[in-house]
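J.:
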Amino acid sequence: MPPLPKHKSSKARTRKRRSHMALTVPVLVACPQCHSPRPSHQVCPVCGSYRGRQAIAVEKVEAAG
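Listed below in structure tokens is the structure:
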């Protein structure tokens, strides 16, 4: 037999344990170059700039149609 709980966990104990499992909304700031929302302290995925310089080369995606 596998190990089983000896006592029933109360709602308060279960909810107290789960109080740290809450999801947080990511903080988004506007990119100073292209003004698209991006996470702070990260390279902009749209234009590839970070702290006023070009950090990565981003390819232009053409619209289908």
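Residues 15 to 79 (the numbering used here) make up the sequence shown, in order. Think of the CB as a built atom: it goes at the ideal place given N, C-alpha and C, for glycine as much as any other residue. Every value quoted in this text rests on a predicted model; they were computed, and no experiment measured them.
#1: For the alpha helix (DSSP H) that Ala-26 lies in, which residues bound it at each end?
#2: What ranges does the beta strand (DSSP E) occupy inside the region 42-75, keeping only unbroken runs of at least 3 residues that lie completely in it?
#3: With a 10 Å radius around its C-beta and 16 neighbouring C-beta atoms as the bar for buried, classify Arg-27 as buried or exposed.
#4: Is it buried or exposed for Arg-14, if we count other Cβ within 10 angstroms and need 16 for buried?
#5: Quick check: what's the CA-CA separation for Ile-70 versus Val-41?
T.: With the structure as the only source:
#1: Start at 1 with the first residue of the sequence shown, and residue 26 comes out as number 12. Unbroken alpha helix (DSSP H) run through Ala-26: 25-31.
#2: 42-44, 51-53
#3: Here residue 27 corresponds to residue number 13 of the sequence shown, with the count starting at 1. Per the 10 Å Cβ criterion, exposed.
#4: As displayed, the chain neither begins before 15 nor continues past 79, which places residue 14 out of reach and without an answer.
#5: Within the sequence shown, residue 70 is the residue found at index 56, counting from 1. Within the sequence shown, residue 41 is the residue found at index 27, counting from 1. Distance between the alpha carbons of Ile-70 and Val-41: 22 Å.
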